[in-house]
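S.K.:
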Amino acid sequence: MDEQAWDDVAATFEDDIFSVPEHDRKQKILQRVQRYAKKDGSAADIGCGIGRTVPMLAEHFATVHATDISSECLSVAEKRNARYHNVVYHHADLSQPLPFPRVDFALCINVLLIASRAKRQAMMANMCAAVKPGGHLLLVTPALESALYASHRLVQLNEQRGMKPAVAQRKAARETTKLDMGIVVVNGAPTKHHLKEELADLLMQEGMEVLEIKKIDYPWAYILEDAPPDMPAPMPWNWMVVAVRTAPS
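Numbers given in our numbering equal positions in the sequence shown, counted from 1, plus 51.
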């Protein structure tokens, strides 16, 4: 989605855009924010949208830089978080260098979604460059392993509903473009999904050392229509990566 598309969805963002923090039942994101909090430090909410995670950062850092490509989303974010006076909002495109000093902690949730590899590479580089040496990045991205696993579970579900194997597979087929590059079509939009090892490799190339990669589960209902409420674990998931910046530049 481009800037205009995000501007258009700003008014309905809360209902239309999946909230990772809301479904982070074990509060893995909050726990990491608290672990790396610095009351005299700075943080960035990169791709903040309408500001769902701004309070989490504003309560643990002296200064927060909240950035988004959509001016309309930023306007909503600023209004809903008006009680926090330590937040600076920036209208910025992550494919360009970010307009604020390096921070101690950066949070970026489901922003690296664009299908263009060149643009994603620039976004990853600028995101990592925004972190001070010794600072930390928490990155959340859709998991390609989860997308493939969901297709497997849907085939099983179709077979349980009485479909023959060939029909079950055909009904479960996802629209994909360049699946080997991790591009899965979600709600009509080609969307980048990352492999666990791929994320580690990309971050290492940008001078980051990966400290941990964990799953953040979410309900089956978000990807399978009429999903039975008793579908067993594992649930679909996003990857949450925590990395520390080791390179000076």
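Cβ atoms here follow ideal geometry from the backbone N, Cα and C, with glycine treated the same way.
All values derive from a computational prediction rather than experimental measurement.
Give the single residue among W290, T242, R212 and V218 whose Cα lies nearest to the Cα of D277.
M.R.: R212
S.K.: Taking 9 Å as the cut-off, decide whether the C-beta atoms of L149 and I97 are in contact.
M.R.: yes
S.K.: Counting only beta-carbon atoms, is H136 nearer than 9 Å to chain C?
M.R.: The displayed structure is made up of one protein chain only, and chain C is not part of it.
S.K.: I need the boundaries of the beta strand (DSSP E) containing A201, first residue and last residue.
M.R.: Run containing A201: none in the beta strand (DSSP E); it sits in the alpha helix (DSSP H), L195 to Q211.
S.K.: In terms of alpha-carbon separation, which member of V206, N132 and E123 lies closest to E110?
M.R.: N132
S.K.: Identify whether R296 lies in helix, strand or coil by the three-state DSSP scheme.
M.R.: strand
S.K.: Count the other CB atoms within 10 Å of the CB of V218; is the residue buried (16 or more) or exposed (fewer)?
M.R.: exposed
S.K.: Which residue wins for smallest C-alpha separation from H74, given the options T297, D268 and A284?
M.R.: D268
S.K.: Candidates M259, A251 and S202: which alpha carbon is nearest L275's?
M.R.: S202
S.K.: Taking contact to mean 3 or more Cβ pairs, one atom from each stretch, closer than 8 Å, check whether the stretch 188-195 and the stretch 132-141 are in contact.
M.R.: no
S.K.: For K215, does the three-state DSSP call read helix, strand or coil?
M.R.: coil
S.K.: Please name the residue or residues paired with L190 in a DSSP beta bridge.
M.R.: C159 and V292
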